[in-house]
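**Student:** Numbered per the numbering used here, the sequence shown spans residues 15 to 822.
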Amino acid sequence: MSQRHDHRGIAARWLGCAEILFLLLTMMPRLAVAIEAANSVPNAAVPDPNADEILLLDVQVNGHSIGKIGEFALRHGTLYARPQELLDLGFSLPSTRTLKPGGLIALSDLPGIEWTLDIKNQQLLVTAVDAALLPKLLQLNGGGGLEGHRTIESGTGVTLNYDTVGTFGSGQTGGATGSMDLVAFSPWGILSSEWLAYAGATSSASGKNTAIRLDSAYTFADVNTLRRYTLGDFINDGLTWNRPVHMEGVQIRSDFSMRPDLITFPLPELTGSAAVPSTVDVLVNGNLVSSNQVEPGPFQIPQLPVISGAGTITMTMTNALGGQVTVAEPFYAGSELLASGLHTLAGQAGLVRRNWGSVSNDYGKIAATAMYRRGLTRKFTIEGSAEVTPGAFMAGVGGVAQIGTLGVVNFSVAPSIGSGQGGVQFSLGAQRIGRKFSLGASAIEADSSYRDVASMNGDGVPRKQLSGFTSLSLRRFGSLGAAYAEIDQDAPPTPVQLGTVLAEHSRVVSANYSLQIRRVSIYASEFKNYATVGASGSSGLQVGLTIPLGRRTSVNVSATSDGNGQVQAQQSAAMVGDWGYDAYVSAGNSSHEFAEGQYKSPVGLFTAGIDNGDGVTTLRLESQGALSFVDGAIFPSNTINDSFAIVDTGPIPHVHVFQENRDVGVTGSSGRLLVPDMRSFDLNHIAISATDIPSDVTIDDATVELRPQDRSGVVVKFPVKISHAALLRLVDEAGVPMSIGSAATLQATGVTVAVGYDGDAYVEDLSPHNELSVEGINGRRCTVAFDYKPVAGDIPSIGPLRCLVNKP
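#1: So for Glu-540, helix, strand or coil by DSSP?
#2: With a Cβ-Cβ cutoff of 8 Å, do Leu-420 and Gln-314 count as a contact?
#3: Please state whether the Cβ-Cβ distance between Gly-116 and Glu-99 is less than 8 Å.
#4: Return yes when the Cβ of Val-805 is within less than 8 Å of the Cβ of Leu-786, no when it is not.
#5: I'd like to confirm the pairing. Which residues does DSSP put opposite Ile-654 in its beta bridges?
#6: Excluding the 5 residues flanking Pro-310 on each side, which residues of the same chain have their C-beta closer than 7 Å to its C-beta?
#7: Identify whether Leu-228 lies in helix, strand or coil by the three-state DSSP scheme.
#8: Answer with buried or exposed for Val-547, where buried requires no fewer than 16 other C-beta atoms within 10 angstroms of its C-beta.
#9: Could you tell me the distance, in whole angstroms, from the CA atom of Ser-485 to the CA atom of Val-523?
#10: With a 10 Å radius around its C-beta and 16 neighbouring C-beta atoms as the bar for buried, classify His-668 as buried or exposed.
#11: Do Gly-412 and Phe-425 have their C-beta atoms closer together than 8 Å?
#12: Specify the secondary structure class of Ala-334 as computed by DSSP and reduced to three states.
#13: Thinking Ser-637 and Met-692 are a contact (beta carbons under 8 Å), I'd like their distance in whole angstroms, please.
#14: Please classify Pro-149 as buried or exposed, where buried requires at least 16 neighbouring CB atoms within 10 angstroms.
#15: Quick one: residues in its chain with C-beta nearer than 8 Å to the C-beta of Ile-812, no 5 flanking neighbours on either side, listed in chain order?
#16: Measuring only the C-alpha atoms, how far is Ser-604 from Ala-716?
#17: For Asp-801, which residues does DSSP report across the bridge?
#18: Straight-line CA distance for Gly-594 to Leu-619?
#19: Taking contact to mean at least 3 C-beta pairs separated by less than 8 Å, is the stretch 161 to 181 in contact with the stretch 120 to 134?
#20: By how many angstroms is the C-alpha of Cys-796 removed from the C-alpha of Leu-815?
#21: Taking only runs of the beta strand (DSSP E) that begin and end inside the stretch 620 to 693, which ones reach a length of at least 3 residues, in chain order?
#22: With Val-769 and Ser-756 assumed to form a contact (beta carbons below 8 Å), what rounded beta-carbon distance in angstroms separates them?
#23: Let me check understanding here. Comparing Cα to Cα, which of Phe-199, Ser-193, Asp-247 lies closest to Ser-168?
#24: Suppose you measure from the CA of Thr-330 to the CA of Leu-284; what does that come to, to the nearest Å?
#25: Starting from Pro-97, trace the alpha helix (DSSP H) in both directions and tell me its first and last residue.
#26: Taking 8 Å as the cut-off, decide whether the C-beta atoms of Thr-326 and Asn-301 are in contact.
#27: Pick from Gln-723, Ala-704, Asp-236, Leu-113: whose alpha carbon is nearest that of Asn-655?
#28: Which runs of the beta strand (DSSP E), 3 residues or longer, sit entirely within the stretch 395 to 461?
#29: What residues in its chain sit with their C-beta under 6 Å from that of Leu-359, if we drop five residues either side in the sequence?
#30: Evaluate contact between the stretch 330 to 344 and the stretch 258 to 267, counting only Cβ atoms and requiring at least three cross-stretch pairs below 8 Å.
#31: Short check: CB of Ser-493 to CB of Ser-528, under 8 Å?
#32: With a cut-off of 8 Å on the beta carbons, I'd call Phe-732 and Ile-702 a contact; round off their distance for me.
#33: Mind the definition here: the stretch 427 to 442 touches the stretch 356 to 375 only if three or more C-beta pairs lie below 8 Å; say whether that holds.
#34: Put Ser-271 into one of helix, strand or coil per three-state DSSP.
#35: Of the choices Phe-279, Ser-781, Leu-760, Leu-687, whose alpha-carbon is the least far from that of Val-788?
#36: Pairing CB atoms from the stretch 401 to 408 with CB atoms from the stretch 375 to 384, are three or more of them under 8 Å?
Structure follows, in structure tokens:
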């Protein structure tokens with residue numbers, strides 16, 4: 015049996031070999047044709063020895079992975095990469111570099127680095143000095159730099175700020191004064207007009223009623239360019255060595271107030287290098303401003319938040335084992351400087367206004383002025399100014415420079431031509447602001463032929479202006495300060511101002527001392543005026559102390575060297591609903607008594623007071639507030655100094671409103687409330703109390719963020735919706751609650767809700783008559799019809815409702 019099986023296996027093997035031989039013989043012609051065809055295409059299957067090999071490598075620097083994969087080209091044993099790729103990996107590129115074919119840079123051309131290629135592990139091992147690496151930028155706590163895109167909002171309406179005072183004197187006719195500021199605002203700009211008004215005994219010598227216009231202008235703020243455009247009345251924008259004048263015309267100027275997050279002066283930067291993973295803590299004047307985890311290598315913390323003046327930055331680096339290295343560096347931040355590359359400008363032209371505040375429309379010569387400042391470096395800002403008016407032209411240049419960590423100096427020179435003569439003005443100043451000691455001085459001198467716009471319109475030229483100050487902190491022993499001011503001003507060539515000082519020559523020295531003992535403040539101040547026009551010098555000394563008696567209440571007691579003594583007690587009315595008072599008694603060479611009471615209501619600040627001096631008693635009544643017309647209604651409020659918001663929760667009344675988590679009031683019966691203290695161009699948070707919203711009302715969001723335009727109102731609408739909801743108790747035909755997980759669909763809206771425990775289903779948007787279809791978890795369907803009657807402020811429960819199975 016076994017022999018037969020062996021013979022059959024041998025036969026089978028021979029047969030398989032024969033078949034393979036036959037296949038080879040039949041395929042040989044085809045193989046020959048393929049080989050010939052391949053040979054007919056030159057270099058088709060031969061790789062190019064000059065082609066780059068693209069490698070994706072895990073980059074490790076100084077023994078630590080940077081967590082990035084880089085793309086490199088291997089060419090003749092040398093690694094190449096694109097410039098942007100190297101920057102993304104944190105390598106610093108040389109200022110002069112040679113690009114290879116393909117726009118690549120050889121790693122061997124990067125100074126300060128050595129590299130090894132680990133093909134097996136697909137890694138690039140780099141050893142680099144700090145100068146060869148880009149420092150990692152560390153963000154400050156809670157911040158990621160300047161704000162990005164901002165949307166500035168404004169409604170359309172009108173606001174009138176008013177301050178009216180009425181006086182009634184014994185034996186005298188009563189009088190009234192008032193100031194009004196009318197502002198019409200819209201997304202397209204602001205139209206405003208300010209007025210002073212007098213009536214009765216306070217109006218004029220003739221006793222006639224008088225109204226004086228101050229400033230009227232249209233302004234538009236462009237938040238994209240940080241430019242403000244004004245058509246109307248304004249004060250020209252200039253430099254510290256220019257004299258401002260009131261003008262009426264057109265003005266274009268930079269306005270950094272539209273970017274509250276922007277710090278215009280140079281801030282100190284901090285750089286360092288970590289050998290191992292560490293924690294870096296940065297303190298400015300002892301206050302922690304930054305704490306970051308850093309990887310090995312160089313790092314940089316840009317724009318540390320500091321106040322202007324001198325200080326100390328302390329950096330502490332702590333590694334994983336607790337080892338610490340601390341470095342302290344002094345710094346000086348000058349607010350007079352502009353950050354490098356930042357610039358500001360102003361240009362204005364029009365008629366000079368004379369006797370502003372006394373006459374409504376008294377115009378002088380036409381004039382044009384311009385100024386420009388630019389931060390050339392972190393420590394030097396250049397500035398220039400020019401003024402032109404008929405009969406005079408002035409153009410000057412100056413600068414502000416920081417001298418190490420000592421302080422800043424400023425200088426300018428301004429030649430002028432006027433009345434056919436040339437003149438010049440020089441200025442020089444220096445100051446240092448420190449935590450313990452501060453010192454500063456400045457001088458402006460002009461020759462007799464110097465002319466500017468102010469001098470050609472009724473003001474005398476100050477030939478000499480000297481000032482100086484110093485202060486010293488004695489820590490717990492208080493602080494000292496002293497100041498000096500001298501002015502030598504000529505009389506104007508042709509006086510045209512009411513009450514113009516023909517000439518002024520004065521020198522004033524003052525000194526002060528203050529000491530804080532617990533909550534009590536003790537102070538003393540003295541001044542000496544060495545020379546005044548038409549009078550002998552004068553001097554005075556005042557000492558006193560201030561005793562706080564609470565958050566809003568204080569008492570001040572003082573005495574002067576002329577034999578007078580004063581006692582004053584006051585309590586401020588800061589918040590709506592606060593009562594305040596101010597009482598004053600003076601005795602000595604002359605007696606004077608004064609007392610007034612205040613109440614700050616939601617619609618204004620009201621004051622009543624009585625004054626007795628020199629045998630005359632006067633009753634004084636004052637009202638301060640605002641009236642705003644916006645969103646189709648009039649809203650009385652306290653004075654609006656910046657921007658405001660109309661919070662609308664209608665038709666839901668009596669809802670508490672919060673501004674920056676501070677309760678600012680309750681909406682009225684119409685569901686609206688005016689919030690007067692909004693910060694223009696800055697991020698404001700307005701919220702409403704969710705607990706004041708009835709249970710039958712839904713609201714999408716209880717908090718709103720907004721940035722209002724300055725001197726404008728914004729309507730903040732909280733969309734509330736009456737839910738018309740009910741809690742339905744659904745049961746089947748046998749009275750058993752519908753199974754949890756069943757789906758109930760309201761036929762009118764098509765909205766499906768889930769059935770919960772005990773057959774409960776919460777359904778909104780109900781009508782007086784409703785039909786509900788229910789699909790059970792077993793697939794069976796049933797319907798239920800019911801009536802609904804809303805209950806104000808509540809969600810009614812309806813049921814049990816029997817769900818009837820749909821019969822075919």
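C-beta atoms are modelled at their ideal positions from N, C-alpha and C, and glycine is treated no differently. Everything numeric in this text was worked out from a predicted model, so none of it was measured.
**Tutor:** Let me lay it out:
#1: strand
#2: no
#3: no
#4: no
#5: Partner(s): none; Ile-654 has no beta bridge.
#6: Asn-76, His-78, Ala-288, Ala-289, Val-290, Pro-291
#7: strand
#8: Its pLDDT being 49, under 50, Val-547 is placed unreliably in this model, and the value from its coordinates should be taken loosely. Val-547 comes out exposed.
#9: 14 Å
#10: exposed
#11: yes
#12: coil
#13: Ser-637 to Met-692, Cβ: 23 Å. No contact.
#14: buried
#15: For Ile-812, where only same-chain residues beyond five positions count, the Cβ hits under 8 Å are Ala-740, Leu-741, Leu-742, Arg-743, Phe-800, Tyr-802.
#16: 59 Å
#17: His-783
#18: 10 Å
#19: Of all C-beta pairs linking the stretch 161 to 181 to the stretch 120 to 134, fewer than three are shorter than 8 Å, placing the two stretches out of contact.
#20: 12 Å
#21: 630 to 644, 647 to 651, 657 to 662, 670 to 673, 676 to 680, 686 to 692
#22: That belief holds up - the Cβ atoms of Val-769 and Ser-756 are roughly 4 Å apart, short of 8 Å.
#23: Taking only the C-alpha atoms, the option nearest Ser-168 is Phe-199.
#24: 12 Å
#25: Unbroken alpha helix (DSSP H) run through Pro-97: 97 to 102.
#26: No, they are not a contact pair.
#27: For Asn-655, the closest of Gln-723, Ala-704, Asp-236, Leu-113 by C-alpha to C-alpha distance is Gln-723.
#28: Runs of the beta strand (DSSP E) lying entirely within the stretch 395 to 461 and spanning at least 3 residues, in chain order: 406 to 417, 421 to 432, 435 to 446, 451 to 460.
#29: Ser-268, Tyr-386
#30: no
#31: yes
#32: 6 Å
#33: no
#34: helix
#35: Leu-760
#36: Three or more beta-carbon pairs drawn from the stretch 401 to 408 and the stretch 375 to 384 are found closer than 8 Å, and the two stretches are therefore classed as touching.
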